[in-house]
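Chemist: Just passing along the structure, written as structure tokens.
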Amino acid sequence: DAKTTQPPSMDCAEGRAANLPCNHSTISGNEYVYWYRQIHSQGPQYIIHGLKNNETNEMASLIITEDRKSSTLILPHATLRDTAVYYCIVRVANYGGSQGNLIFGKGTKLSVKP
Amino acid sequence: GAGVSQSPSNKVTEKGKDVELRCDPISGHTALYWYRQSLGQGLEFLIYFQGNSAPDKSGLPSDRFSAERTGGSVSTLTIQRTQQEDSAVYLCASSFGGGGGGVSSYNEQFFGPGTRLTVL
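In order, the protein sequence lines correspond to chains D and E.
All the letters of the first sequence, read from the start, carry residue numbers -10 to 103 under the working numbering.
All the letters of the second sequence, read from the start, carry residue numbers 171 to 290 under the working numbering.
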């Protein structure tokens, strides 16, 4: 799987949008971009994924650049409960065996402040 | 419905003892993964099950680590002769898929709360 690069930490004011960047310059054509987050003392939680089109769900939006070398996860109205480590992961779409496991980097520690 | 559950939530053991960690995946999920997370570190893949078979054991750090899955459901991770460096949170995840062949929709992994293992 391609490597990803994320800033180690970010702050965001409560109620404002949190924009978390991720670089994946070596991503392959058949690799998706996935985002998970891990709130303190909990297991990781899936947020969203995409291939090349922008995606939105009830939790967040994912903006992928046209060349697919970077993406941004957007939490439109961050709350204190969004404080967590956010992981950007790239992985092939069709998987089996070892390709199914997720390769986590160090992620971005997002701190939402009142 | 119920999510992935793990037991015990916390385990403290003495160096050299064996421990067993249990994972109950979401019903119907055929794929099961074990990861571990050492203090301040990211998640490290250990082993993957598709049904009762483990096609990928490449992440197991040593032969003291083993895992099995029975009935396509519950999985047990066993660590023999525990060492202090085994101290970590052990996380289990499950998903619908994992089979190969063709482009498939992404099968989200659902994680359990983890077992915090402390080896004294």
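Ideal placement from N, C-alpha and C gives every residue a C-beta, glycine not left out.
Could you confirm whether any beta carbon from chain D is found closer than 8 Å to the beta carbon of Tyr260 (chain E)?
Modeler: Closer than 8 Å: no.
Chemist: From the DSSP output, which residues share a beta bridge with His38 (chain D)?
Modeler: Secondary-structure assignment with DSSP links His38 (chain D) through a beta bridge to D:Tyr23.
Chemist: If contact means a Cβ-Cβ distance below 7 Å, which residues of the stretch 203 to 217 of chain E contact chain D?
Modeler: Tyr203, Gly212, Leu213, Phe215
Chemist: With the cut-off set at 8 Å, would you say Lys185 (chain E) and Thr252 (chain E) are in Cβ contact?
Modeler: yes
Chemist: Give the DSSP bridge partners of Lys227 (chain E), in chain order.
Modeler: Beta-bridge pairing links Lys227 (chain E) to no other residue.
Chemist: Residue range of the beta strand (DSSP E) that Ala172 (chain E) falls in?
Modeler: Unbroken run through Ala172 (chain E): none, as it is neither H nor E.
Chemist: Classify Thr97 (chain D) as buried or exposed, calling it buried when 16 or more other Cβ atoms lie within 10 Å of its own Cβ.
Modeler: Of the residues assessed, Thr97 (chain D) falls on the buried side of the cut-off, its CB having 16 or more other CB atoms within 10 angstroms.
Chemist: Sort D:Glu55, D:Glu20, D:Asp56, D:Ile63 by Cα distance to Leu1 (chain D) and report the nearest one.
Modeler: It is Cys, not Leu, that sits at residue 1 (chain D) in the sequence shown. When each option's Cα is compared against that of Cys1 (chain D), the closest is D:Ile63.
Chemist: Helix, strand or coil for Arg251 (chain E), going by three-state DSSP, please let me know.
Modeler: coil
Chemist: What is the residue span of the beta strand (DSSP E) that Gln31 (chain D) lies within?
Modeler: No beta strand (DSSP E) holds Gln31 (chain D); DSSP gives it neither H nor E.
Chemist: Look at the alpha carbon of Ala172 (chain E) and the alpha carbon of Leu91 (chain D), and state the distance between them as a whole number of angstroms.
Modeler: 22 Å
Chemist: Hey, how far is the Cα of Ser257 (chain E) from the Cα of Glu55 (chain D)?
Modeler: 43 Å
Chemist: What residues are listed by DSSP as bridge partners for Asn12 (chain D)?
Modeler: D:Thr(-6), D:Ser59
Chemist: Do you know how far the Cα of Leu202 (chain E) is from the Cα of Gly269 (chain E)?
Modeler: Confidence at Gly269 (chain E) is low in this model, with a pLDDT of 47, below 50, so the placement of that residue is unreliable and no value is reported for it.
Chemist: In chain order, what residues of the stretch 230 to 241 of chain E put their CB closer than 8 Å to some CB of chain D?
Modeler: none
Chemist: Taking all protein chains shown into account, decide if Gln27 (chain D) is buried (16 or more other Cβ within 10 angstroms of its Cβ) or exposed.
Modeler: buried
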